[in-house]
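For my numbering, add 78 to where a residue sits in the sequence shown, where the first one is 1.
One structure below.
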Amino acid sequence: MELDPKALELFREGYDKILAGLGQLGYKVDDENFADTAVRAAKGFHELVLGETCVRKEVTALLEKTFPAKYGEMVISKGNTAFGVCPHHLLPVVYRISVAYIPTRKVLGLSKMSRLVRLMARGPRLQEDLTHELAMILHEQLDSQGSAVYIEGVHMCMAARGVGAHEARLVTSAVRGVFLELATREEFIKLVTSASSGLL
Ligand SMILES: [Zn+2]
Numbered sequence: 079m080e081l082d083p084k085a086l087e088l089f090r091e092g093y094d095k096i097l098a099g100l101g102q103l104g105y106k107v108d109d110e111n112f113a114d115t116a117v118r119a120a121k122g123f124h125e126l127v128l129g130e131t132c133v134r135k136e137v138t139a140l141l142e143k144t145f146p147a148k149y150g151e152m153v154i155s156k157g158n159t160a161f162g163v164c165p166h167h168l169l170p171v172v173y174r175i176s177v178a179y180i181p182t183r184k185v186l187g188l189s190k191m192s193r194l195v196r197l198m199a200r201g202p203r204l205q206e207d208l209t210h211e212l213a214m215i216l217h218e219q220l221d222s223q224g225s226a227v228y229i230e231g232v233h234m235c236m237a238a239r240g241v242g243a244h245e246a247r248l249v250t251s252a253v254r255g256v257f258l259e260l261a262t263r264e265e266f267i268k269l270v271t272s273a274s275s276g277l278l
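Rendered as structure tokens:
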């Protein structure tokens, strides 16, 4: 996905200030290891925070490529690794995202489901909001019978504050439609939290 040149420039200016701050702390930021660091850091940050409009456009395009549904069974995409940043600290968050839906008429290809969750994660979003937005998209925009989302996020802001790795993990989930029924919701949670079968 395209990076916005104006945003890149603003991020670079910000990283120049961060480097000046590091210099203030006594680090040798004129050392060759820091040459072009602001440019690289700006690009790295932009890759975690894609343009809101670009993401929406791609998500819409992605949801248009569906197959006719033959079965009304649960479709699950489990344990997708995705990246983003938290809006409170702008520090990276690593997500493991599982999503499911029960189709009415349309089925989304599995690779499209992975792409969808990875795209939506790449912004300064609250994990709670990401969870609900994904559930909404897979229910309303896909016209499904219902959807469910389960996300584990490892937040650098929590990990970096000296909280143990376990406590730095935030778990959120959301359900819509038929998944509101307890049995369906439990089946989903059981499927996404069980250890993988060892395939690959
Ligand atoms: Zn944070």
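All residues carry an ideal CB built from backbone N, CA and C; glycine is no exception.
- Of the residues assessed, M79 falls on the exposed side of the cut-off, its CB having fewer than 16 other CB atoms within 10 angstroms.
- Nearest in C-alpha terms to K156, of all of K121, R193, A116, is R193.
- Here the alpha carbons of G224 and T115 stand approximately 46 angstroms from one another.
- For S176, the closest of L100, G101, M152 by C-alpha to C-alpha distance is M152.
- Listed in chain order, the beta strand (DSSP E) elements of length 3 or more contained wholly in the region 125-171 are 144-146, 153-163.
- For H233, the enclosing beta strand (DSSP E) covers residues 224-233.
- In this structure, the straight-line span from the alpha carbon of D109 to that of H167 is close to 28 angstroms.
- For L248, there is no enclosing alpha helix (DSSP H); the enclosing beta strand (DSSP E) has its first and last residue at 247-255.
- If you draw a 10 Å sphere on the C-beta of F257, you find 16 or more other C-beta atoms in it, and that means buried.
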